[in-house]
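Here's the structure, in structure tokens; my notes come after.
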Amino acid sequence: MTGVIGCGVVLASFVLSIMVFLQVKDGHSQVVDYFNFINVGDLKISFAFQLDQLSSLFLLIITGVGFLIHVYSISYMQEENPGQFGRYFSFLNLFIFSMLLLVMGANYVIMFIGWEGVGLCSYLLIGYWFKNNEFNKAANKAFIMNRIGDLAFLIALFWLIAKIGTVSYSEVFSATNLARLKSSDITIITLLLFTGAAGKSAQIPLYTWLPDAMAGPTPVSALIHAATMVTAGIYMIARSNALYSLSQISMNVVAITGLATAILAATIALKQNDIKKVLAYSTVSQLGYMFLALGVGAYSAGVFHVMTHAFFKALLFLAAGSVIHAMGGEQDIRKMGGLSKKIKITYITFLIGCIAIAGIPPFSGFFSKDAILLAVFEHNKILYVIALLGALLTAFYMFRLLFIVFTGAFRGTDEQKDHTHESPGAMTIPMIILAILSVLGGLVGIPEVFMHGGDKLTAFLAPVIPLQAGEIVSHNTELILMAISSLLVIGVVVFAWFLFRKTRFSESKGLGKVLENKWYVDELYEKIFVKPLNKLGAFFNSVFERSVIDDLVNGVGRLVNYGSRQLRLLQSGQVGSYVLLMVVSMVLIFILQFFIRK
Amino acid sequence: MNALLLSAVLGVVMMFSGIWLKSKSAIRNVAIVGMALLLVVNILEMSGMIFFRIDTKGMIVFDRFALLFDSIAFLSTLLYLFLSAQDIEKVGINYADYFALIFFILCGITLTSSFKSLLILFLGVEIISIPLYILTGSDKRNLKSNEASLKYFLLGSFSTGLMLMGIALIYGDKGSFDTNSINLITETPSALIVAGMLLLLFSMAFKVSAAPFHFWAPDVYDGAPTVFTSFMATIVKAAVFIAFIRLFEEAFGNLQNKWQLLMAIITVATLFIGNITAVFQQSVKRMLAYSSIAQAGFMMLSVYAMNAEAKEGLLLYSAAYSFATIGIFAVLIKMKDYTFDGFNGFAKHQPLLAATTTIFLLSLAGIPLTAGFLAKFYMLKAALGTGKYLWLVIFAVIMAAVSVYYYFRVIQAMYFKEGDPPVLQITPVFKWTLVILAALVILLGIFPNLLLTWYYF
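Chains as they are written, first to last, in the working numbering: chain A, 1 to 598; chain B, 599 to 1055.
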């Protein structure tokens, strides 16, 4: 019953989202103003929703993928007791609510409310199994990392309010207000917004929470930490494209950070042995690609990749969940192997996901990644080469994962071997649907070179994201680039096949060990930030808190108490003394009135 | 005019009902029905239905300010009777007379809230005071009650003397008791007028228990039977404040620069003594006595500021303060042990009572979302509106912070300490009235306009 309600409301939202989408498609974008939310002085912030091309697309992704994952969850979470099951679904629904608020808001404040809401749900769901202390730590880490970004976001909001006195999109992006902003202001605001986005979307330097966030149940990882919430940063920047386009510095920062994250995460993913961790780093890496796209001005390519990524990454996570389910909770790929025969559907869907993410035509990932790579090529050739390298790394680690898990000999215990079985329909059907979407999803954005007017998505988004008039690469070059990247990817896949068909695990050395330990970034953060801050906190606690603040507060309290004890003595209970005191004060007042102030 | 006559009549009716009616509950019901009737006719007068028209030669004017305050006072008294009528009967054997005295006090309140002549003011204040002397001493076998009554009477007579002397001095200069003619501007007011004004100021300050004329209050409030402390510390005190602000607005409004500093000094002294002394008290009843002085200090801010917000704020304040304090006293009456320790573990045994008491205490402390917060806010805003004496506002805020200490001590005892409070006899009416009071406190804290629209339309 809980599950039916939990899924039903999301399904209803999905149906409504389709209706909204159809309306918007006919050109009926609108801003629905409900009431005045904040009204202080000249600042008016209304509680308003904006339904346009960008938000309606996100609505579809969130509710559609969200619905599938809800259905999957019913079966995946079956072993939880009913109360916990209800808690799980209430968090999940609250997440969908917040996420919808985030994308539907017609101003930054509503977006911020949703932004905080999804952060909260993420925290709650990462720490869903709250009895495990490690999971709680992961939840805290995610929350704190996000708070750093949120602070920057908030400062950006205040900055906007201070400079132009409004936060609503239509007003901020109007030509008059943009003209009122100095270019330094725009740079600062966009950089602050990007810091917020980096927190939510796990970019350098705030990315370390996302891999740890895998502590949550797998469907949560699929929905929140792969398909939807982590793309909020992309949404925010795509929404603010009018601001970003005015600041070359910010654009460069976004592009370089995105690319660096993409490469860094991809290298780490090469050596991870936890099935979910590999996918987590892959998510970080793909998010980096999206930021790269935004940074070179190809906003619609970024949004396109959000969409296809939502399909194939959700699929990969759900399939990974199915594998974990089959293995009785085992997540270490060194103990798997040869699963392709036992769980066929999972295997095939996972394979489709891998092909899609690797960017092999004509699967969806190919189109979106190609759009990004092409835009990067137009922008800067060096970035293009690095981005292409990243794409090859992606193909490599994904197929490494596929081969280790599904081919070769089974390496688990005998008990697991007998236990292994395919997941029930409630889990496999969402996977199959997502697999179909992963195959076909790219067809909304077929490049111009294959089909005239094939890039429907960019055309659809054009009212929100103006087309960039840049240098256009000739069709021949484009075809060559595609061929190179596709062939290289296929080559890498074959290479991976030979490398991991029969796996032997040995202790890593040198660079491998560094990668396995994630470049020691966590340790570095621990040394640079956490420990000094803890020490500072301990210092303030022992010196300021104990001796300065406490003494001050307690001193005031003691003083009041002392005064009270003394004043009490005035109340002697003797009528005579009362009258005396009254008469004395009357005389004093008379003197004051008649002699002191004339 | 409706309420003035009806309250006097009801007082007489109650005296007779004591002779004719034998059962306690019948007398109680007559009192409650009479009270409800009083409220209704007063509200009818507010909406234009005046039953009696008597020419008072302009000595009494029932304007909106007066009528609205009367309604607040009657509503508070009605709720007070619902909560505590049974406890009134326990004080002594002449219970019908207690109700009669309460009605006479209400009669005095209608006079003090609507006077236009100093004579009527005097009359009203005395009609309030004399029944109070009796009520204070109504627990005849209790020595403390007798002592309190006598003290109250002695000191009260003293202040009555001051008031009469002040009125006489003013009459000597102006040849009139009419407030409007007293207020006519003279270039430099004569010493007679100023001295008369000061004497009136002292006597009014005495009646509202403002420092340094507050000495009677803790002893009397502590000594009187708790049911009557509840009545006189709330409704009566608010009524005298209405008279206070009315007197100084209508009779001495043009002399504001002569008395504003004095008001500020009295306000500071009252806030200081009330709040600081309350901190050290061990008995909740005595703490509430000092708290009522502290609250009077806040209400003094409205007399000091004397602008539109001050009058609105005073109405809101009297409602907020009366509702909350009546509620706390009603619970306190039920307790055997009046010390803070008596409340230990109260929340576990009486969750509903503890919760409502907490709301009342939060309101008195001025925590947002309660009526007390907005009432204090209005007072501070009014004081800021004068543009003078910023230190007064800062001081008031600090003192409000001090007040949190002693109010929260009760909450702390109820919720965080282990203890074994006695089993209380609670009727459903009592419970529901408390819930209504708590709801009113919160409602006014969110929509103060529910009350204040009545002032304007």
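Where a beta carbon is used, it is the ideal one built from N, C-alpha and C, also for glycine.
Discussion item. Would Ser56/A and Val24/A be called neighbours here (beta carbons separated by less than 8 Å)?
Written reply: yes
Item to complete: Measure the C-alpha to C-alpha separation of Asp668/B and Val838/B and round it to an integer number of angstroms.
Response: Each residue's alpha carbon lies about 12 Å from the other.
Discussion item. Going by C-alpha to C-alpha distance, which of Ala922/B, Thr865/B and Ile670/B sits closest to Met977/B?
Written reply: Thr865/B
Practice prompt. Report the neighbours of Lys749/B on chain A: residues whose CB is nearer than 7 Å to its CB, in chain order.
Written response: Val575
Item to complete: My understanding is that Phe680/B touches Leu603/B, with C-beta atoms under 8 Å, so please give their C-beta distance in whole angstroms.
Response: Wrong, their Cβ atoms sit about 24 Å apart, outside the cutoff.
Practice prompt. Would you kindly work out how many angstroms separate the C-alpha atoms of His309/A and Lys417/A, rounded to a whole number?
Written response: 32 Å
Worksheet item: Is it buried or exposed for His812/B, if we count other Cβ within 10 angstroms and need 16 for buried?
Response: buried
Item to complete: Out of Gly690/B, Ser788/B, Phe870/B and Val901/B, state which residue places its alpha-carbon closest to the alpha-carbon of Ala836/B.
Response: Val901/B
Worksheet entry | Near-chain B residues of the segment 548-565 of chain A (beta-carbon distance less than 7 Å), N- to C-terminal order | Val560, Asn561, Gly563, Ser564 and Arg565
Worksheet item: When DSSP labels each residue in this structure, what does Ala603/A get in the three-state scheme?
Response: Nothing can be reported for residue 603/A, as the shown portion of chain A is limited to 1 through 598.
Discussion item. Quick check on DSSP: helix, strand or coil for Lys44/A?
Written reply: strand
Worksheet item: Comparing the C-beta of Val40/A with each C-beta of chain B, is any distance below 8 Å?
Response: Cβ-Cβ to chain B under 8 Å: no for Val40/A.
Discussion item. Rounded to the nearest angstrom, what separates Phe921/B and Glu847/B at their Cα positions?
Written reply: 26 Å
Worksheet item: So who's on the other strand from Ile658/B, going by DSSP bridges?
Response: Phe713/B
Worksheet item: Going along chain A, which residues have a C-beta under 7 Å from Phe756/B?
Response: Val579
Discussion item. Which complete alpha helix (DSSP H) runs does the segment 172-197 of chain A hold, if anything under 4 residues is left out?
Written reply: Listed in chain order, the complete alpha helix (DSSP H) runs (minimum 4 residues) inside the segment 172-197 of chain A are 175-180.
Discussion item. For a cutoff of 8 Å on Cβ pairs, would you count Phe813/B as touching chain A?
Written reply: Closer than 8 Å to some Cβ of chain A, the Cβ of Phe813/B qualifies, so yes.
Item to complete: May I ask you to report which of helix, strand or coil DSSP gives Gly337/A?
Response: coil
Discussion item. So for Ile343/A, helix, strand or coil by DSSP?
Written reply: coil
Worksheet item: Looking at the structure shown, is Val38/A part of a helix, part of a strand, or coil, going by DSSP?
Response: For clarity, residue 38/A is Ile in the given sequence; the question names Val instead. Note: Ile38/A maps to strand in three-state DSSP.
Fill in: Backbone secondary structure at Val689/B - three-state DSSP
In the displayed model, Val689/B falls within coil according to three-state DSSP, outside both helix and strand.
Worksheet item: Phe1014/B: beta carbon under 7 Å from a heavy atom of the ligand ADP?
Response: By its list of ligands, the structure shown contains no ligand whatsoever, and the ligand ADP lies outside what it can speak to.
Worksheet item: In the structure shown, what three-state DSSP assignment does Ser168/A receive?
Response: Ser168/A sits in a strand when the DSSP states are folded into three classes.
Worksheet item: At which residues does the alpha helix (DSSP H) containing Ala1036/B begin and terminate?
Response: Pro1026 to Ile1044
Discussion item. Which of the three DSSP states is assigned to Gln50/A in this structure?
Written reply: strand
Worksheet entry | Within the segment 79-134 of chain A, ranges of the alpha helix (DSSP H) (whole runs, at least 4 residues) | 82-104 and 108-126
Discussion item. Between Val792/B and chain A, is the shortest Cβ-Cβ distance under 8 Å, so that the two count as touching?
Written reply: It does; some Cβ of chain A falls within 8 Å.
Discussion item. Measuring straight from C-alpha to C-alpha, what distance separates Ala862/B and Pro810/B?
Written reply: CA-to-CA, the gap between Ala862/B and Pro810/B works out to about 13 Å.
Worksheet item: Which bits of chain C does Arg568/A rub up against, with CB to CB less than 7 Å?
Response: Looking for chain C here will not work: the only protein chains present are A and B.
Item to complete: Output the distance between the C-alpha atoms of Tyr289/A and Ile61/A, rounded to the nearest integer angstrom.
Response: 19 Å
Fill in: Touch test, the segment 845-859 of chain B against the segment 925-932 of chain B, Cβ-Cβ under 8 Å, three pairs minimum
no
Worksheet item: Along chain B, which residues have their Cβ under 8 Å away from the Cβ of Phe35/A?
Response: Ordered by position in chain B, no residue passes the 8 Å Cβ test against Phe35/A, which lies about 17 Å from the chain.
Worksheet item: What does Ala800/B reach in chain A if we use C-beta pairs closer than 9 Å?
Response: First, the residue type needs correcting, since residue 800/B is Phe and not Ala in the sequence shown. Going along chain A in sequence order, the residues near Phe800/B (Cβ under 9 Å) are Met582, Ser585, Met586 and Ile589.
Worksheet item: Using a beta-carbon distance cut-off of less than 8 Å, what residues from the segment 982-995 of chain B approach chain A?
Response: If the cut-off is 8 Å between Cβ atoms, the segment 982-995 of chain B has nothing near chain A.
Worksheet item: Counting Cβ pairs, one atom from each stretch, are 3 or more of them under 8 Å apart for the segment 217-237 of chain A and the segment 342-359 of chain A?
Response: no
Item to complete: Under 6 Å Cβ to Cβ from Tyr919/B, same chain only, skipping five residues before and after it: list those, please.
Response: Gln893
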